[in-house]
Amino acid sequence: MSRKPLIAANWKMYKTPAQAQEFVKAFLPLVANHDRDEIVLCPSDTSLSVVIAATAGSNVAVGAQNMYFVDEGAFTGETSPVMLKAINTTHVLIGHSERRQYFCESDETVNRKLHAALRHGLKPIVCVGEMLEEREAGMTEEVLLRQIGNALEGVTAEQAEPIVIAYEPVWAIGTGKTATPDIASEAHAIVRSEIAKVLGRKSAEEMRILYGGSVKPENCPALMNEPEIDGALVGGASLDPQSFAKIVKY
Ligand code: PEP
């Protein structure tokens, strides 16, 4: 079965609204009519509206990097799914390793955020991945099974269609160390087998699993050549329009 690849940019805490707008202006002509892959830009919250306006009517969608799981309330500093939907955000990253590492995001909050995204019609990109110590201790499979099992808890096969998973080994994020296509494929197969266990074979076959971790224009083609890899979540190399366009057109 064929899964349309998705290439997403995670700009992290980079770019002012003016810089984000400048990126879009340079980027859109580079990917005009590119239809083979779904393209998503995830700017910081302060640039969401600007990027949504600048990409309107194009082949580029816009996602948030995070959100809270409650619709509204006394949660200082948080952004709700209702707020994201109100400005036409279509996607949302959930459980990025930097959220887990620096902001105490747990498997439980990831699960609650996933349910909130589905409830509000946002397409969740759920990040999972082992840390270096876990890989070295032979715990990669255990970590991935735990993260996927907990993230998908209470989700039904009927709800699962919009969900995208991003396998991002923490040791490869922002380090310049990419997982080899073999290592990434092996991890993706583990993730897919757990999805099958929780949601059934059909959902597992349909769900896109992206690879993330130091993806660059140079290593993207070999990664995307792997049948198990359905796209990429790109940090550093997505900040420059030329570089990200090269990745999109691998
Ligand atoms: C990321 O932020 O999700 C990421 C994969 O970063 P980088 O591409 O810089 O490793």
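For the sequence shown, my numbering gives the first residue as 354, with consecutive numbering after it.
C-beta atoms are modelled at their ideal positions from N, C-alpha and C, and glycine is treated no differently.
From a predicted model like this one, the values you see are computed outputs, not experimental measurements.
Query                                                                                                                                                                                                      : Result
Among 420, 389, 454, whose alpha-carbon lies nearest the alpha-carbon of residue 396?                                                                                                                      : 420
With a threshold of 8 angstroms on Cβ separation, who are the neighbours of residue 557 within its own chain once the five nearest residues in sequence on each side are excluded?                         : 545, 546, 548, 549
Inspect the beta-carbon positions of residue 483 and residue 523 and report whether they are closer than 8 angstroms.                                                                                      : yes
Between 586, 414, 466, which lies nearest to residue 508 when the distance is taken from Cα to Cα?                                                                                                         : 466
Mind listing, in chain order, the continuous beta strand (DSSP E) runs of no fewer than 3 residues lying wholly within the stretch 491-545?                                                                : 517-520
Could you tell me whether any non-hydrogen atom of the ligand PEP is closer than 7 angstroms to the CB of residue 423?                                                                                     : no
Report all residues from its chain with a CB closer than 8 angstroms to the CB of residue 413; omit the five preceding and five following residues, and keep chain order.                                  : 377, 380, 381, 384, 392, 393, 394
Any heavy atom of the ligand PEP closer than 7 angstroms to the Cβ of residue 586?                                                                                                                         : yes
DSSP puts residue 561 in a beta bridge; with which residues?                                                                                                                                               : 517
With the cut-off set at 8 angstroms, would you say residue 471 and residue 481 are in Cβ contact?                                                                                                          : no
When the distance is taken between beta carbons, is residue 445 closer than 8 angstroms to residue 417?                                                                                                    : yes
Between which two residues does the beta strand (DSSP E) containing residue 447 stretch?                                                                                                                   : 444-447
State the Cα-Cα distance for the pair residue 588 and residue 543, rounded to the nearest angstrom.                                                                                                        : 24 angstroms
If you check the beta carbons only, do residue 568 and residue 590 fall under 8 angstroms apart?                                                                                                           : yes
Is there contact between the stretch 448-457 and the stretch 423-440, where contact requires at least three CB pairs shorter than 8 angstroms?                                                             : no
Please go through the same chain and pick out, in chain order, the residues whose beta-carbon is closer than 6 angstroms to the beta-carbon of residue 525, but skip the five residues on each side of it. : 531, 532, 566, 567
Beta-carbon within less than 7 angstroms of residue 506's beta-carbon, same chain only, minus the 5 sequence neighbours each way: which residues are those?                                                : 464
What is the residue span of the beta strand (DSSP E) that residue 585 lies within?                                                                                                                         : 584-587
Would you kindly report the start and end of the unbroken alpha helix (DSSP H) that includes residue 381?                                                                                                  : 370-383
Indicate, with yes or no, if the ligand PEP has a heavy atom lying under 7 angstroms from the CB of residue 479.                                                                                           : no
Just to confirm, does residue 521 get its C-beta within under 7 angstroms of one of the non-hydrogen atoms of the ligand PEP?                                                                              : yes
Can you give the beta carbon distance from residue 510 to residue 552, rounded, assuming they're within the 8 angstroms contact cut?                                                                       : 5 angstroms
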